[in-house]
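Student: Residues in the sequence shown are numbered consecutively from 418, following our numbering.
Backbone N, C-alpha and C define an ideal beta-carbon position, used for all residues, glycine too.
Structure in structure tokens, see below.
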Amino acid sequence: MTAAEHPWPVLGALLLRDGTLSVEQLEHALAENRSSGKRLGEILVDSGLVTATQVSRVLAEQHELLFVDLAHEPVDLGAAGLLPESLARRYSSLPIRLLDDGAILVAVADPTNVVASDDLRIALGTPVRIAVASPVAIESAIARIYGGELDDDDDDDELEVEAPPEAVVLDLREASANAPAIRKVNALLRRAIELGASDVHFTPQRRHLLVRARVDGAMRELSTVAKNLQPAVTSRLKVMAELDIAEKRAPQDGRLSLRAGDRTIDLRVAVLPTTFGEKVTLRIMSSGAPVSSLEDLGMSEHAAANLARAISQPFGAVIVVGPTGSGKSTTLHAALGHLDDSERQITTIEDPVEYQVPDADQIEVNPRAGLTFATGLRTILRSDPDVILVGEIRDEETAEIAFQAAMTGHMLLTSLHAQNAASAIARLKDMGVDPGLIATSLNCIVAQRLARKLCAHCRESYLPDEAELAELGLSATERDEVTLYRAPGCEACSLTGYSGRIGLFEVMPIRGEIRALVERSTDEIFAAAVAGGMTTMRQDGIRLALAGVTSLTEVRRVTGERVA
Numbered sequence: 418m419t420a421a422e423h424p425w426p427v428l429g430a431l432l433l434r435d436g437t438l439s440v441e442q443l444e445h446a447l448a449e450n451r452s453s454g455k456r457l458g459e460i461l462v463d464s465g466l467v468t469a470t471q472v473s474r475v476l477a478e479q480h481e482l483l484f485v486d487l488a489h490e491p492v493d494l495g496a497a498g499l500l501p502e503s504l505a506r507r508y509s510s511l512p513i514r515l516l517d518d519g520a521i522l523v524a525v526a527d528p529t530n531v532v533a534s535d536d537l538r539i540a541l542g543t544p545v546r547i548a549v550a551s552p553v554a555i556e557s558a559i560a561r562i563y564g565g566e567l568d569d570d571d572d573d574d575e576l577e578v579e580a581p582p583e584a585v586v587l588d589l590r591e592a593s594a595n596a597p598a599i600r601k602v603n604a605l606l607r608r609a610i611e612l613g614a615s616d617v618h619f620t621p622q623r624r625h626l627l628v629r630a631r632v633d634g635a636m637r638e639l640s641t642v643a644k645n646l647q648p649a650v651t652s653r654l655k656v657m658a659e660l661d662i663a664e665k666r667a668p669q670d671g672r673l674s675l676r677a678g679d680r681t682i683d684l685r686v687a688v689l690p691t692t693f694g695e696k697v698t699l700r701i702m703s704s705g706a707p708v709s710s711l712e713d714l715g716m717s718e719h720a721a722a723n724l725a726r727a728i729s730q731p732f733g734a735v736i737v738v739g740p741t742g743s744g745k746s747t748t749l750h751a752a753l754g755h756l757d758d759s760e761r762q763i764t765t766i767e768d769p770v771e772y773q774v775p776d777a778d779q780i781e782v783n784p785r786a787g788l789t790f791a792t793g794l795r796t797i798l799r800s801d802p803d804v805i806l807v808g809e810i811r812d813e814e815t816a817e818i819a820f821q822a823a824m825t826g827h828m829l830l831t832s833l834h835a836q837n838a839a840s841a842i843a844r845l846k847d848m849g850v851d852p853g854l855i856a857t858s859l860n861c862i863v864a865q866r867l868a869r870k871l872c873a874h875c876r877e878s879y880l881p882d883e884a885e886l887a888e889l890g891l892s893a894t895e896r897d898e899v900t901l902y903r904a905p906g907c908e909a910c911s912l913t914g915y916s917g918r919i920g921l922f923e924v925m926p927i928r929g930e931i932r933a934l935v936e937r938s939t940d941e942i943f944a945a946a947v948a949g950g951m952t953t954m955r956q957d958g959i960r961l962a963l964a965g966v967t968s969l970t971e972v973r974r975v976t977g978e979r980v981a
């Protein structure tokens, strides 16, 4: 009897048809099915012969149902919020959107569970249409959307609010276990910290409070909070940051520190009135050691050598440019680590102080007390520093003082908002810095972005298509010589395909022809730098894509469509 004539179970027959399984593998799995009673799909996944997603696709086809990929399928939070989290977890199911006919589309892991379908229909109080999704994807989506609860009896896992200077300690372990808002805030902050989020957004919507986190530079939904709990959650966050809970019409800024186990996490809090209530944004900054060397940043040897040469000069300015959240502070502190020795006096003025630098004098700006970058910098210059780190140049006054310091025997490290290395010079001129002072004082400009790294667990190689070859500047005959990488997503990366980030760098030393072009246009400066051997951020990203660190799609997303 041929494989086609054999009375295989439908699931097995479809996997054989697709070439996913061999007859021998299926027979071995069926034998285990008969002896253990475990489901065929479960046996095949546990043995590593197929993935949970492959089984789910075939189950959907077998039962003539829609298959949904929750890694890419948007979930309507209003629909998801109609089902209690306990039922979602019990039946491994998730409402994903409302349909035009009034029914709700629900993704389930097991389409054969009729009891679950009936219970879901009763719980939702509306007709239900069933779709099939991978159980791993459903579990990940439930965790992302509902958020986890803390175990209030587990002291080791508690989050404890630490007192900033002159603040009152608020200990979450002393909070009532029956306070829903406190438990919800605790759970959401824990989840955000576990994910390595840089920001958490509590955004009021018409029917609920949407909570999202920025993880690896991309926004990710964590949970929704019922509308009736929104005022309590917002007030809890404001109390933790010592803000005025009675003030609901004006923006407020605050700060707080958390202890999570042996970690200390510093948070900046911004409250902004919106149409549906107060939005609260938390910026998460871990207090710890900075990147210890330029090599740890992931720079190419050529770029790292140029930067090391620039910061090793006895005086001059090195500027790191890029948008907010592009890793400028990390690069600056890596440069400090390169310079840190007993022969140099290092002083920093930052907003805020993100990393502790041993043996350095670190100052945090406080505009309310009159301590700005400009006023602090004037005092620093009277304190005999060798190396000065100014967190950011924001105005003409700070820029003028900083560049005068760079010209008069100090090494200045600072950051600036600019799109690329060449445009930083135009930005300085726009701020009123004399071009002659720029040409005399500037040693180097570093432009950077952060790209997501491919997940090491599900990364796979592939040959580029014609469009990608053209993007790489290669011909079709060179296709077999190039390997690119992508990641479909797995449980380890929460089905995103990425985990962690790495910098893309553009290092432009200021010497020779570049100094002479300071008064010329950005395009002329950029062209001269490339002609002189500068690697652009896009080219640096392609280097990392070919090495399998990131994907070409991610490089394109981060750097834009400009080829140069």
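Rounded to the nearest angstrom, how far is the Cβ of H827 from that of I862, given a contact under 8 Å?
Tutor: For the purposes of this step, residue 827 is taken as the residue at position 410 of the sequence shown. For the purposes of this step, residue 862 is taken as the residue at position 445 of the sequence shown. With a Cβ gap of about 18 Å, H827 and I862 do not count as contacting.
Student: Run through DSSP, which three-state label would D633 get?
Tutor: Working through the sequence shown from its first residue, we reach residue 633 at position 216. The answer is coil: DSSP assigns D633 none of H, G, I, E or B.
Student: Inspect the CB distances between the stretch 598–610 and the stretch 670–684 and report whether three or more fall short of 8 Å.
Tutor: Yes: at least three Cβ pairs fall under 8 Å.
Student: Going by Cα to Cα distance, which pick from L511, E490, R761, A873 is closest to G498?
Tutor: As a first step, residue 498 is located in the sequence shown; it is residue number 81 there, counting from the start. Residue L511 is the option with its Cα nearest to G498.
Student: Decide if the stretch 892–905 is in contact with the stretch 770–779; the criterion is three or more beta carbon pairs, one per stretch, under 8 Å apart.
Tutor: With a cut-off of 8 Å, the stretch 770–779 and the stretch 892–905 do not count as touching, because too few Cβ pairs lie within range.
Student: Would you kindly work out how many angstroms separate the C-alpha atoms of V975 and A505, rounded to a whole number?
Tutor: In the sequence shown, residue 975 corresponds to position 558, counting from 1. In the sequence shown, residue 505 corresponds to position 88, counting from 1. Cα to Cα, V975 sits roughly 36 Å from A505.
Student: Using 10 angstroms around the beta-carbon of D957, count the other beta-carbons present and answer buried if the total reaches 16, otherwise exposed.
Tutor: For the purposes of this step, residue 957 is taken as residue 540 along the sequence shown, with counting starting at 1. Per the 10 Å Cβ criterion, buried.
Student: Can you say whether H480 is buried or exposed, counting buried as having 16 or more other CB atoms within 10 angstroms of its CB?
Tutor: Locating residue 480 in the sequence shown gives position 63, where the first residue counts as 1. It counts as exposed.
Student: Using DSSP with H/G/I as helix, E/B as strand and the rest coil, what is Y563?
Tutor: Against the sequence shown, residue 563 aligns to sequence position 146. In the structure shown, Y563 sits in a helix (DSSP, three-state: H, G or I).
Student: So, at 7 Å on beta carbons, what are the nonlocal neighbours of G917 in its own chain, with the 5 sequence-adjacent residues on each side left out?
Tutor: Counting from one through the sequence shown, the residue named residue 917 turns up at place 500. Once the five neighbours on either side are set aside, the close Cβ partners of G917 are D633, K870.
Student: State the Cα-Cα distance for the pair D573 and R676, rounded to the nearest angstrom.
Tutor: Sequence index remark: in the sequence shown, residue 573 carries index 156 (1-based). Sequence index remark: in the sequence shown, residue 676 carries index 259 (1-based). With a pLDDT of 40 at D573, under the threshold of 50, the predicted position of this residue should be treated as unreliable, though the coordinate-derived value follows. Spanning the two alpha carbons is a distance of roughly 11 Å.
Student: For a cutoff of 8 Å on Cβ pairs, would you count V688 as touching chain C?
Tutor: Going by chain labels, chain C is absent from the structure shown, which holds only one protein chain.
Student: Please return the same chain residues whose Cβ sits closer than 6 Å to the Cβ of I763, not counting the five positions on each side in sequence.
Tutor: Residue numbering aside, residue 763 sits at position 346 when the sequence shown is read from its first letter. The answer, listed in chain order, is A777, V804.
Student: CB-CB under 7 Å to A421, same chain, minus the five flanking residues each way: which ones, in chain order?
Tutor: Here residue 421 refers to the residue found at position 4 of the sequence shown. Note that A421 scores 44 on pLDDT, short of 50, meaning its location in the model is unreliable; the coordinates nonetheless yield the value given after this. Taken in chain order, the list of residues that qualify is empty.
Student: If you follow the alpha helix (DSSP H) that H755 is in, where does it begin and where does it stop?
Tutor: Sequence index remark: in the sequence shown, residue 755 carries index 338 (1-based). Here the alpha helix (DSSP H) through H755 covers 745–756.
Student: Less than 8 Å between the beta carbons of H750 and V735, yes or no?
Tutor: Position 333 of the sequence shown, counted from the first residue, corresponds to residue 750. Position 318 of the sequence shown, counted from the first residue, corresponds to residue 735. No. Outside cutoff.
Student: Under the assumption that V656 contacts F619 (Cβ atoms under 8 Å), give the Cβ distance between them as a whole number of angstroms.
Tutor: For the purposes of this step, residue 656 is taken as residue 239 along the sequence shown, with counting starting at 1. For the purposes of this step, residue 619 is taken as residue 202 along the sequence shown, with counting starting at 1. 14 Å between Cβ atoms; not a contact.
Student: In or out: N723 buried (at least 16 other Cβ within 10 Å) or exposed?
Tutor: Position 306 of the sequence shown, counted from the first residue, corresponds to residue 723. Buried, since its Cβ has 16 or more Cβ neighbours within 10 Å.
Student: Judging by CA-CA distance, which residue of T748, E556, S503 is the nearest neighbour of L524?
Tutor: As a working mapping, residue 524 is identified with position 107 in the sequence shown. Correcting the residue identity first, residue 524 is Ala in this sequence and not Leu. Ranking the options by Cα distance to A524, first place goes to E556.
Student: Would L494 and T641 be called neighbours here (beta carbons separated by less than 8 Å)?
Tutor: Position 77 of the sequence shown holds residue 494. Position 224 of the sequence shown holds residue 641. Result yes, Cβ atoms of L494 and T641 sit closer than 8 Å.
Student: Between the stretch 852–868 and the stretch 816–834, do three or more beta carbon pairs fall short of 8 Å?
Tutor: Contact holds: three or more Cβ-Cβ distances are below 8 Å.
Student: Between which two residues does the beta strand (DSSP E) containing Q669 stretch?
Tutor: If you number the sequence shown from 1, residue 669 lands on position 252. Taken as a continuous stretch (DSSP letters only), the beta strand (DSSP E) holding Q669 covers 669–677.
Student: Express the C-alpha separation of V553 and H445 in angstroms, rounding to a whole number.
Tutor: Working through the sequence shown from its first residue, we reach residue 445 at position 28. Working through the sequence shown from its first residue, we reach residue 553 at position 136. Looking at the two C-alpha atoms, the distance is approximately 25 Å.
Student: Can you name, in chain order, every residue of its own chain whose Cβ lies under 6 Å from the Cβ of E971, other than the five neighbours on each side?
Tutor: Here the question's residue 971 lines up with position 554 in the sequence shown. Once the five neighbours on either side are set aside, the close Cβ partners of E971 are A868, R869.
Student: Three Cβ pairs or more, each shorter than 8 Å: is that satisfied between the stretch 790–799 and the stretch 843–850?
Tutor: Flag = no, the stretch 790–799 and the stretch 843–850 do not touch.
Student: On the DSSP letters alone, give me the boundaries of the alpha helix (DSSP H) that G853 sits inside.
Tutor: As a first step, residue 853 is located in the sequence shown; it is residue number 436 there, counting from the start. Element bounds for G853: 852–858.
Student: Could you name the residues of the same chain whose beta carbon sits closer than 8 Å to that of A791, not counting the 5 residues immediately before and after it, in chain order?
Tutor: For the purposes of this step, residue 791 is taken as residue 374 along the sequence shown, with counting starting at 1. Counting only Cβ-Cβ distances below 8 Å, and skipping sequence neighbours, we find D812, E814, T815, I818.
Student: State yes or no: is the C-beta of T953 within less than 8 Å of the C-beta of L961?
Tutor: Reading the sequence shown from its first residue, position 536 is the one you call residue 953. Reading the sequence shown from its first residue, position 544 is the one you call residue 961. No, these two residues do not count as a Cβ contact at 8 Å.
Student: Is the number of C-beta pairs between the stretch 847–854 and the stretch 923–934 that are closer than 8 Å three or more?
Tutor: At 8 Å Cβ cutoff, the stretches do not touch.
Student: Bridge partners of P512, per DSSP?
Tutor: Here residue 512 is taken as the residue at index 95 of the sequence shown, counted from 1. Answer by DSSP bridge pairing, in chain order: V523.
Student: May I ask you to report which of helix, strand or coil DSSP gives L891?
Tutor: Against the sequence shown, residue 891 aligns to sequence position 474. Correct three-state label for L891: coil.
Student: Express the C-alpha separation of V628 and D571 in angstroms, rounding to a whole number.
Tutor: To locate residue 571, count along the sequence shown from 1; it is residue 154. To locate residue 628, count along the sequence shown from 1; it is residue 211. Caution is warranted here: a pLDDT of 39 is assigned to D571, below 50, making its placement in the model unreliable, and the coordinate value is therefore given only provisionally. Each residue's alpha carbon lies about 25 Å from the other.
Student: Is the CB-CB distance between L901 and R866 below 8 Å?
Tutor: Here residue 901 corresponds to residue number 484 of the sequence shown, with the count starting at 1. Here residue 866 corresponds to residue number 449 of the sequence shown, with the count starting at 1. It is not a contact, given that the beta carbons lie outside the stated cut-off.
Student: Counting only runs that start and end within the stretch 759–813, where is the beta strand (DSSP E) found for 3 or more residues in a row?
Tutor: Listed in chain order, they are 763–767, 778–781, 804–807.
Student: Suppose the cutoff is 6 Å on Cβ atoms and the five residues either side in sequence are ignored; what does the same chain contact list for A1020 look like?
Tutor: In this structure the chain extends from 418 to 981, so residue 1020 is not present and cannot be described.
Student: Could you tell me the alpha carbon to alpha carbon distance between V492 and T470, rounded to whole angstroms?
Tutor: On the sequence shown, residue 492 is found 75 positions in, with the first residue counted as 1. On the sequence shown, residue 470 is found 53 positions in, with the first residue counted as 1. If I take the Cα positions, the gap works out to 18 Å.
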